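Let me begin by presenting the structure, written as C-alpha coordinates, before commenting on it.
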Amino acid sequence: MKRVFLSVLALAFVFSVTSCRETEKKAEDTMEEVEETIEEATEEIEEAAEQMEEAAEKIDAAANKVDKASQTIKDANADVKKPQRESSKINMESKASSLTEESQTKRKESTKE
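Under this note's numbering, the first residue of the sequence shown carries the number 12, and numbering increases by one thereafter.
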(Lines of atoms letter the chains of each structure in order from A; the text may use other names.)
(Lines give C-alpha, C1' and ligand atoms only; values in the text may rest on other atoms or scores of the structure.)
Protein backbone atom coordinates (compact mmCIF):
# COMPACT_ATOMS: atom_id res chain seq x y z
CA MET A 12 0.00 0.00 0.00
CA LYS A 13 2.86 2.24 0.78
CA ARG A 14 4.31 1.60 -2.68
CA VAL A 15 1.00 2.38 -4.37
CA PHE A 16 0.68 5.60 -2.43
CA LEU A 17 4.24 6.64 -3.29
CA SER A 18 3.69 5.71 -6.94
CA VAL A 19 0.57 7.87 -7.09
CA LEU A 20 2.47 10.77 -5.49
CA ALA A 21 5.34 10.31 -7.95
CA LEU A 22 2.94 10.34 -10.91
CA ALA A 23 1.19 13.46 -9.56
CA PHE A 24 4.56 15.16 -9.20
CA VAL A 25 5.56 14.26 -12.77
CA PHE A 26 2.26 15.57 -14.15
CA SER A 27 2.52 18.78 -12.15
CA VAL A 28 6.07 19.42 -13.37
CA THR A 29 5.01 18.68 -16.96
CA SER A 30 1.96 20.87 -16.53
CA CYS A 31 4.10 23.73 -15.16
CA ARG A 32 6.46 23.47 -18.14
CA GLU A 33 3.53 23.73 -20.54
CA THR A 34 2.10 26.66 -18.59
CA GLU A 35 5.48 28.36 -18.59
CA LYS A 36 5.80 27.84 -22.36
CA LYS A 37 2.29 29.23 -22.93
CA ALA A 38 3.11 32.22 -20.74
CA GLU A 39 6.29 32.89 -22.73
CA ASP A 40 4.38 32.62 -26.01
CA THR A 41 1.73 34.99 -24.71
CA MET A 42 4.38 37.47 -23.57
CA GLU A 43 5.98 37.40 -27.02
CA GLU A 44 2.59 38.04 -28.65
CA VAL A 45 1.94 40.92 -26.26
CA GLU A 46 5.35 42.45 -27.05
CA GLU A 47 4.67 42.19 -30.80
CA THR A 48 1.24 43.74 -30.37
CA ILE A 49 2.70 46.58 -28.32
CA GLU A 50 5.37 47.22 -30.97
CA GLU A 51 2.75 47.27 -33.74
CA ALA A 52 0.53 49.60 -31.74
CA THR A 53 3.49 51.89 -31.05
CA GLU A 54 4.31 52.07 -34.76
CA GLU A 55 0.70 52.84 -35.62
CA ILE A 56 0.57 55.56 -32.97
CA GLU A 57 3.76 57.11 -34.33
CA GLU A 58 2.31 57.08 -37.86
CA ALA A 59 -0.90 58.67 -36.61
CA ALA A 60 1.10 61.34 -34.78
CA GLU A 61 3.00 62.14 -37.97
CA GLN A 62 -0.26 62.39 -39.91
CA MET A 63 -1.72 64.69 -37.26
CA GLU A 64 1.39 66.87 -37.43
CA GLU A 65 1.08 67.11 -41.22
CA ALA A 66 -2.62 67.93 -40.88
CA ALA A 67 -1.82 70.66 -38.34
CA GLU A 68 0.70 72.18 -40.75
CA LYS A 69 -1.89 72.15 -43.53
CA ILE A 70 -4.44 73.79 -41.23
CA ASP A 71 -1.92 76.50 -40.32
CA ALA A 72 -1.19 77.12 -44.00
CA ALA A 73 -4.91 77.35 -44.76
CA ALA A 74 -5.43 79.75 -41.84
CA ASN A 75 -2.64 81.96 -43.18
CA LYS A 76 -4.28 81.98 -46.62
CA VAL A 77 -7.61 82.93 -45.05
CA ASP A 78 -5.92 85.76 -43.15
CA LYS A 79 -4.30 87.05 -46.35
CA ALA A 80 -7.60 86.81 -48.23
CA SER A 81 -9.36 88.65 -45.43
CA GLN A 82 -6.78 91.44 -45.52
CA THR A 83 -7.08 91.64 -49.30
CA ILE A 84 -10.86 91.97 -48.99
CA LYS A 85 -10.48 94.68 -46.35
CA ASP A 86 -8.03 96.57 -48.55
CA ALA A 87 -10.31 96.25 -51.58
CA ASN A 88 -13.29 97.39 -49.51
CA ALA A 89 -11.36 100.42 -48.31
CA ASP A 90 -10.36 101.22 -51.91
CA VAL A 91 -14.01 101.03 -53.00
CA LYS A 92 -15.30 103.15 -50.13
CA LYS A 93 -12.73 105.91 -50.65
CA PRO A 94 -14.01 106.94 -54.10
CA GLN A 95 -17.59 106.59 -52.85
CA ARG A 96 -16.84 108.93 -49.97
CA GLU A 97 -15.17 111.40 -52.30
CA SER A 98 -18.06 111.11 -54.71
CA SER A 99 -20.56 111.63 -51.90
CA LYS A 100 -18.59 114.61 -50.68
CA ILE A 101 -18.59 116.12 -54.17
CA ASN A 102 -22.34 115.44 -54.51
CA MET A 103 -23.01 117.05 -51.16
CA GLU A 104 -20.93 120.09 -52.09
CA SER A 105 -22.73 120.44 -55.41
CA LYS A 106 -26.11 120.10 -53.69
CA ALA A 107 -25.09 122.66 -51.11
CA SER A 108 -23.95 124.94 -53.88
CA SER A 109 -27.23 124.45 -55.73
CA LEU A 110 -29.22 125.15 -52.60
CA THR A 111 -27.20 128.24 -51.96
CA GLU A 112 -27.80 129.45 -55.51
CA GLU A 113 -31.52 128.72 -55.23
CA SER A 114 -31.80 130.54 -51.94
CA GLN A 115 -29.91 133.51 -53.37
CA THR A 116 -32.19 133.51 -56.41
CA LYS A 117 -35.27 133.44 -54.19
CA ARG A 118 -33.92 136.28 -52.10
CA LYS A 119 -33.31 138.34 -55.20
CA GLU A 120 -36.81 137.64 -56.44
CA SER A 121 -38.35 138.47 -53.10
CA THR A 122 -36.37 141.70 -52.86
CA LYS A 123 -37.48 142.73 -56.36
CA GLU A 124 -41.09 142.45 -55.45
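All C-beta atoms, glycine included, are put in the ideal place defined by N, C-alpha and C. Quick caveat: nothing in here was measured; it's all calculated off a predicted structure.
Through-space distance from residue j to residue i, alpha-carbon basis
{"i": "I49", "j": "R14", "result": "52 Å"}
{"i": "A67", "j": "E61", "result": "10 Å"}
{"i": "K79", "j": "E65", "result": "21 Å"}
{"i": "M63", "j": "D40", "result": "35 Å"}
{"i": "D90", "j": "Q82", "result": "12 Å"}
{"i": "I84", "j": "K76", "result": "12 Å"}
{"i": "E51", "j": "E58", "result": "11 Å"}
{"i": "T53", "j": "D86", "result": "49 Å"}
{"i": "E35", "j": "I56", "result": "31 Å"}
{"i": "N88", "j": "K69", "result": "28 Å"}
Sequence-distant residues of the same chain with beta carbon closer than 8 Å to residue i, five excluded per side
{"i": "E44", "result": "none"}
{"i": "A38", "result": "none"}
{"i": "E46", "result": "none"}
Chain-order list of residues whose beta-carbon lies under 6 Å from that of residue i (same chain, five-residue window excluded)
{"i": "A74", "result": "none"}
{"i": "D71", "result": "none"}
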